[in-house]
Every structure is written in structure tokens, then in C-alpha cells.
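Student: The structure under discussion is supplied below as C-alpha cells; questions concerning it will follow.
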Amino acid sequence: MKVLVAVKRVVDYNVKVRVKADNSGVDLANVKMSMNPFCEIAVEEAVRLKEKGVATEIVVVSIGPTTAQEQLRTALALGADRAILVESAEDLTSLAVAKLLKAVVDKEQPQLVILGKQAIDSDNNQTGQMLAALTGYGQGTFASKVEVSGDSVAVTREIDGGAQTVSLKLPAIVTTDLRLNEPRYASLPNIMKAKKKPLESLTPQALGVSTASTNQTVKVEAPAARSAGIKVKSVAELVEKLKNEAKVI
Amino acid sequence: MTILVIAEHDNKVLAPATLNTVAAAVKIGGDIHLLVAGEGAGPVAEAAAKIAGVSKVLHADNAAYAHQLPENVAPLVAELGKGYSHILAAATSNGKNILPRVAAQLDVDQISEIISVESADTFKRPIYAGNAIATVQSSAAIKVITVRATGFDPVAAEGGSAAVEAVSAAHNAGTSSFVGEELAKSDRPELTAAKIVVSGGRGMQNGDNFKHLYALADKLGAAVGASRAAVDAGFVPNDMQVGQTGKIVAPQLYIAVGISGAIQHLAGMKDSKVIVAINKDEEAPIFQVADYGLVADLFEAVPELEKLV
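Chains as they are written, first to last, in our numbering: chain A, -5 to 243; chain B, 18 to 326.
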């Protein structure tokens, strides 16, 4: 079974971003970039499926700037077999990304596509669901457990009230939540080996996909700042403040 | 302009987040229709008809919609949605699951988790874990939007008298089936709707120690939440997680116990009216957003707090 994993290059999750003075976006100059944490979990899940003998080949794909090759090499070092970069310097919407991924799915014909549930930059939480719509496949979003058996996959999903399990016919789309697995670190020999693994570059034009968008970001602002309050000295003082000053209890 | 709002429910009860979503629709302006898709969800449709500001309820009753499987519900919403200017759903795990599938079927971009309505086509939404707020304008013929409940005060659940219209459209893709679910049972208020939330972090040390928070919560009539660190460590289940990728809460009072205050956690609670932090590390970032900070050992402070409130 072939597994396709989509990964995104995003600002590292430890970075506290700053809004640009002209309100055109956030300042990403000289900021550390990494693989989106949910995408790391997606790669790890695919690698575990291969270790279990369920997956035979792992293809990792990213849509982004040339520098996204770094994240693809990371995925290759973690265990993916080959990589595809769909190069686009523009900021694409989730729908445009889903359309590009659909073109890659058509080309590669994977049985399972694993994506992160959301990217920590745009916080959209859309791409996997949109890819499922475009392919007509079933979707197991926010997965905390993935079990492939025969021609179906059982996905346990993290939902607001607890957990839900659905069964999807393959091919299917899975998006990862935090508890699906704990991603491993790439070993130095594997990082060296990854440099020799194949990495193919494509463009949206070559895939025949229009990335036009109906959304336009008008401006980006810093959120209203919350200032630190006071330190109380005792529990008794805290209760007094909550009762008489804040009046919330 | 007519807006279609997807009702959030479990076939028995209309979820409160629906009322916040209708409130966003009211801000956009125009007629508001509510879709109740489910199986045997008659009581939900009746409750939906009473919501202030709703002029029509569409009730799609079919076994294929019983568990809100997106493969079946999204085609229904996309089909019905073609006659509308906006399609709105709450940014719950269910709304997030279904609506992007609808947007892709309609070939439009979605706007996720809006926190304010600037005009009928322009909305604000948080990005980068709430460290920036983007103003997004949509030129789509049908605007597909999920609504963050904490951004909008709910409309009244009573006062309306909308007509309920049956929708016969049946969509069953046959690509997915419901296997089962494990829902947390709790007598405490629901996390996203509670007026007071008491949350614990890594400082709780283990799941058993959460009993101190449950005792305090029960005294206050509060819900209990947790940071990602506490959930990842297995102290408590995932449905208690507050943060960027967990639940977003904005109660009157948020008490953070043994939580350091990572930006991902702050993203889920920094719109709370009053924030209290109890932590023994006086350098913890949580104190930078807390209205009242108490530097103390939580195992002494929490039981004392429980006695005094």
C-alpha cells in the first residue's frame, strides 16, 4: 500500500511571531522555520505503518517555496522513500493546496493520504477535509488512532465530547491530532541517507491547477494586549479580590 | 441575503454553540435559516424554531445523517447552500470536520474561526495561535465560515417561531460508517459554556491530583480543563484540553493551576474576563496575562481556596 504524506513548512512552534509595522502580515525574516508539528505526526504514522508492513512506500509532498526542500529532507530522514515539492512562492489558501494535492493524488494513486489537522501559522484546519471532498474519499480527521485492515481503515477521532471511531473505505484521507503518536528524531546516518533519496520538483502550472483565491487578507494586526495584573500574597487575599474587586465569585 | 446556519446537535439537544453562530449571522444581516440534519432529531428542530432571529428551519431526517458523517452531510449542505449568500457553522470539532468539505464542493475558500464580523464580506480571525489577528475579505458568491463561539454573545434560545420545513434530500456516499464513540460523562458544566473554568497543567504531577481541582470546581460550579502538557502526560483525557488546538474558552473566571503558560495554551483562554494563576514558579509566563497571580505551592493553595470560596 502506498501512503502519501503532506507536510508544510511553517514558523517553528517556539517562535512568538511579531506583526509587521505596515500590518501586511507577520515578520518571518530570520525566523526559525520547521515542519508543522501535526505534519511530523503524519510522517511518523506513515513510517510506523511501513514498519508494521502495512505501507510499502511513503511519498512525502510539500507545497511551498524552494526552501520547503529542508522539511522534505527531514521527512525523508524520518523514513519517507521519496519526495515531491510543488513549488509556489505565493501564500496559497487551503483550497488551492487541496487542489494541488488532488493532482498529486491523481498522479500517485495512494491508498492512504495522511496530513496534519492544521498548520500552526494559518490555523485553518481545512486542507485534509477539502482534499477528501475533491477526491470523494472518506475522511478521518483529528485522528488519535489509525488501524488499517484489508480494504478499510478504522480511525479514532478526538472530538469535543471525547472520542469517536469511524470506518473508512480505502483510499481515504486521515488528518492527525496530537495524541496519534510521538514523532521520533532523525538519526545522523538517516539524515545523510536522506540526501540521496529522490526529490522531484513540480509547479502548479505543470499540474494544470489554478491557485486563484476568493479570500484576500486585508490586514494583520497584533491582538489586544493583556497586561499583567497584581500578585496577591495569600489565598485569603485572592478570595477577597475575586469577591469584592473582580466580583466573579 | 439569506444565511444558512448549520445546527450543532446530538439528535436530542441543540448545542449552545449554535446560538453563538446565529449571533454571528445576525451581525452579517439578512434572513437566517437553520439546517438540522440528523436522525430522529425532531426535538432539535423544534428547539431550533424557537431561536430568536431564525426565520426558517430546514429539517433533514435520514439515517445517513445520524452521526454527522461529513461524507454524507457535506453534500447535503453544499446542495442546499447553493441558494444562500453565507453558510455558517460553529467551530466545534463537528463544524471543523464538515464545513471545509462543503467549501471545497462549492469551490470556494473557507474562512475559519471568525471572531468578529466587520461587514457582510469581511471578517476577523486569529492566526499564529492568536498572536496576530487577520482581517479577511471574501469575494466568493457563497461565503463559507466557521464561527468561534467566544467571539459572539449567544442569541436568545426562545422568542422565535420559525416554520419547520422537511428536507427530503438523501445523501449516502457509502465511503464511511460510524463504529462507536466514547463520550466523557460529567455532571460539571461543559467547558466551552462554563462561567468559571479551573484548569490544571504539568504541575498537577498526576491524574489523581486533579481531584483537588474537581473539588474546587464543584464548589464554584465550574468546569475543569487542562493544558496540553497535562493531557499528553496522560493525567486527563483529550476533551479537557484548552489551547490552540484544543478548546477555546472565554469564561468570566479562569483559574490556571500549575500551568506555565505556553503561547499555545494562552491562545485558548486569554479572552477570559478574569484570569487567576497559581504557580510556584514566579517567572512562569502565565503571570504575564493573569489579573491575579499567586506564587504558591498548588497542593496547599488549592485546598485552602476550596475552603474559602
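Even glycine gets a Cβ: it sits at the ideal position worked out from N, Cα and C.
Between Asp170(B) and Ile35(A), what straight-line distance do the alpha-carbon atoms span, to the nearest angstrom?
Tutor: Here residue 170(B) corresponds to residue number 153 of the second sequence, with the count starting at 1. Here residue 35(A) corresponds to residue number 41 of the first sequence, with the count starting at 1. Computed Cα separation, rounded: 36 angstroms.
Student: Could you give the distance in angstroms between the alpha-carbon of Val274(B) and the alpha-carbon of Glu194(A)?
Tutor: As a working note, residue 274(B) is residue 257 in the second sequence. As a working note, residue 194(A) is residue 200 in the first sequence. When rounded, the separation of the alpha-carbon atoms in Val274(B) and Glu194(A) is 49 angstroms.
Student: Select from Val48(A), Ser228(A), Lys10(A) and Ala219(A) the residue whose C-alpha is nearest the C-alpha of Ile114(A).
Tutor: Sequence index remark: in the first sequence, residue 114(A) carries index 120 (1-based). The residue with the shortest Cα to Cα distance from Ile114(A) is Lys10(A).
Student: Spell out the partners DSSP gives Ile23(B) in its beta bridges.
Tutor: Locating residue 23(B) in the second sequence gives position 6, where the first residue counts as 1. Answer is Leu52(B), bridged to Ile23(B).
Student: Please compile the residues from chain B whose C-beta is within a distance smaller than 8 angstroms of the C-beta of Tyr131(A).
Tutor: Position 137 of the first sequence, counted from the first residue, corresponds to residue 131(A). Result: Thr192.
Student: I'd like to know if Arg173(A) contacts chain B, where contact means its C-beta is closer than 8 angstroms to some C-beta of that chain.
Tutor: Taking the first residue of the first sequence as 1, we reach residue 173(A) at position 179. Yes, because at least one Cβ of chain B sits closer than 8 angstroms to the Cβ of Arg173(A).
Student: Are there three or more Cβ pairs, one per stretch, closer than 8 angstroms when the segment 171 to 188 of chain B is compared with the segment 23 to 39 of chain B?
Tutor: yes
Student: Where DSSP assigns a beta bridge to Met27(A), which residues make up the other side?
Tutor: The residue given as residue 27(A) occupies position 33 in the first sequence. Per DSSP, Val5(A).
Student: Do you know whose CA, among Ala62(B), Val214(B), Arg245(B) and Ala54(B), lies nearest Lys236(B)'s CA?
Tutor: What you label residue 236(B) is simply residue 219 of the second sequence in a count that begins at 1. Answer by Cα proximity: Val214(B).
Student: According to DSSP, Thr150(A) sits in a beta bridge with which residue or residues?
Tutor: Taking the first sequence and counting its residues from 1, one reaches residue 150(A) at position 156. Lys139(A) and Thr159(A), per the DSSP bridge assignment.
Student: Is it right to say Asn24(A) is buried, meaning 16 or more other beta carbons lie within 10 angstroms of its own, or is it exposed?
Tutor: Residue numbering aside, residue 24(A) sits at position 30 when the first sequence is read from its first letter. Asn24(A) is exposed by the Cβ-count criterion.
Student: What is the DSSP secondary structure of Gln210(A), counted as helix, strand or coil?
Tutor: Sequence index remark: in the first sequence, residue 210(A) carries index 216 (1-based). Three-state DSSP puts Gln210(A) in a strand.
Student: Any idea what DSSP makes of Val248(B), helix, strand or coil?
Tutor: The count along the second sequence starts at 1 and reaches residue 248(B) at position 231. Of the three classes helix, strand and coil, the one that applies to Val248(B) here is helix, per DSSP.
Student: Taking 8 angstroms as the CB-CB limit, is Tyr231(B) close to chain A?
Tutor: Here residue 231(B) is taken as the residue at index 214 of the second sequence, counted from 1. Chain A contact via Cβ: absent.
Student: Less than 8 angstroms between C-beta atoms, sequence neighbours within five positions excluded: which residues of the same chain meet that for Val335(B)?
Tutor: Within the shown structure, residues of chain B are numbered from 18 to 326, placing residue 335(B) beyond reach of any answer.
Student: Check each candidate in Ser138(A), Ala200(A) and Ser143(A) and name the one with the smallest Cα separation from Glu198(B).
Tutor: As a first step, residue 198(B) must be located in the second sequence, where it is residue number 181. Ranking Ser138(A), Ala200(A) and Ser143(A) by Cα distance to Glu198(B) puts Ser138(A) first.
Student: Can you list, in chain order, the residues of its chain whose CB lies under 7 angstroms from that of Thr60(A), leaving out five sequence neighbours each side?
Tutor: Along the first sequence, read from residue 1 onward, the residue named residue 60(A) stands at position 66. Glu81.
Student: Specify the secondary structure class of Ser195(A) as computed by DSSP and reduced to three states.
Tutor: Here residue 195(A) refers to the residue found at position 201 when the first sequence is read from its first residue. Of the three classes helix, strand and coil, the one that applies to Ser195(A) here is strand, per DSSP.
Student: Buried or exposed, going by whether 16 or more other CB atoms sit within 10 Å of the CB of Ile20(B)?
Tutor: Residue 20(B) sits at position 3 when you count from the first residue of the second sequence. Classification for Ile20(B): buried.
Student: Where DSSP assigns a beta bridge to Gly177(B), which residues make up the other side?
Tutor: Position 160 of the second sequence holds residue 177(B). None, per the DSSP bridge assignment.
Student: Closest by CA to Arg205(B), which one among Leu230(B), Ala190(B) and Ala186(B)?
Tutor: For this step, residue 205(B) is matched to residue 188 along the second sequence. For Arg205(B), the nearest C-alpha among the options comes from Leu230(B).
Student: Could you pull the DSSP bridge partners for Arg76(A) from this structure?
Tutor: Locating residue 76(A) in the first sequence gives position 82, counting from the first residue. DSSP lists Val53(A) as partners of Arg76(A).
Student: Run the CB neighbour count on Glu130(B), radius 10 Å, all protein chains shown included, and call it buried at 16 or more, exposed below.
Tutor: Taking the first residue of the second sequence as 1, we reach residue 130(B) at position 113. That one is buried.
Student: Beta carbons nearer than 8 angstroms to chain B: which residues of the segment 141 to 155 of chain A have them?
Tutor: Ala148, Arg151, Glu152, Ile153, Asp154 and Gly155
Student: Relative to the alpha-carbon of Pro104(A), which residue among Glu84(A), Leu66(A), Gln65(A) and Asp145(A) has its alpha-carbon at the smallest distance?
Tutor: To locate residue 104(A), count along the first sequence from 1; it is residue 110. Of the candidates Glu84(A), Leu66(A), Gln65(A) and Asp145(A), the one whose C-alpha sits nearest the C-alpha of Pro104(A) is Asp145(A).
Student: Which residues in chain A sit within 9 angstroms of Ser110(B), going by Cβ to Cβ distance?
Tutor: If you number the second sequence from 1, residue 110(B) lands on position 93. What Ser110(B) touches in chain A: Thr135, Phe136, Arg151, Glu152, Ile153, Asp154, Gly155 and Gln158.
Student: Just mark Glu45(A) as buried or exposed, buried being the case when its beta carbon has 16 or more other beta carbons within 10 Å.
Tutor: As a working note, residue 45(A) is residue 51 in the first sequence. When all chains shown are included, Glu45(A) counts as exposed.
Student: What first and last residue would you give for the alpha helix (DSSP H) that runs through Pro87(B)?
Tutor: Translated into the one-based positions of the second sequence, residue 87(B) becomes position 70. Element bounds for Pro87(B): Pro87 to Gly98.
Student: Listing by chain order, which chain A residues have their CB less than 8 angstroms from the CB of Glu300(B)?
Tutor: Numbered from its first residue, the second sequence carries residue 300(B) at position 283. Result: empty, since nearest Cβ-Cβ is about 12 angstroms, beyond 8 angstroms.
Student: For Pro87(B), which residues in the same chain have their Cβ closer than 6 angstroms to its Cβ, ignoring the five residues on either side in sequence?
Tutor: The residue you call residue 87(B) lines up with position 70 of the second sequence. Answer for Pro87(B): Asn114, Ile115 and Arg118, listed in chain order.
Student: Just to confirm the assignment, what range does the alpha helix (DSSP H) spanning Arg118(B) have?
Tutor: Along the second sequence, read from residue 1 onward, the residue named residue 118(B) stands at position 101. Arg118(B) -> alpha helix (DSSP H) spans Ser110 to Gln122.
Student: Quick one: which residues of the segment 204 to 215 of chain A get their C-beta closer than 8 angstroms to a C-beta of chain B? List them in chain order.
Tutor: Ser207, Thr208, Asn209, Gln210, Thr211, Val212, Lys213, Val214 and Glu215
Student: May I ask you to list, following chain order, the residues of the segment 79 to 92 of chain A that have a beta carbon less than 9 angstroms from some beta carbon of chain B?
Tutor: Thr87, Ser88, Leu89, Ala90 and Ala92
Student: Which residue marks the beginning of the alpha helix (DSSP H) containing Pro60(B), and which one marks its end?
Tutor: One-based indexing of the second sequence puts residue 60(B) at position 43. Start and end: Gly59 to Ala66.
Student: Please determine, among Lys160(B), His188(B) and Leu322(B), the residue with the shortest C-alpha to C-alpha distance to Gly98(B).
Tutor: The residue labelled residue 98(B) in the question sits at position 81 within the second sequence. Closest option to Gly98(B), Cα to Cα, is Lys160(B).
Student: Nearest chain A C-beta to Ser155(B) closer than 8 angstroms, yes or no?
Tutor: Here the question's residue 155(B) lines up with position 138 in the second sequence. By this cut-off, Ser155(B) is an interface position.
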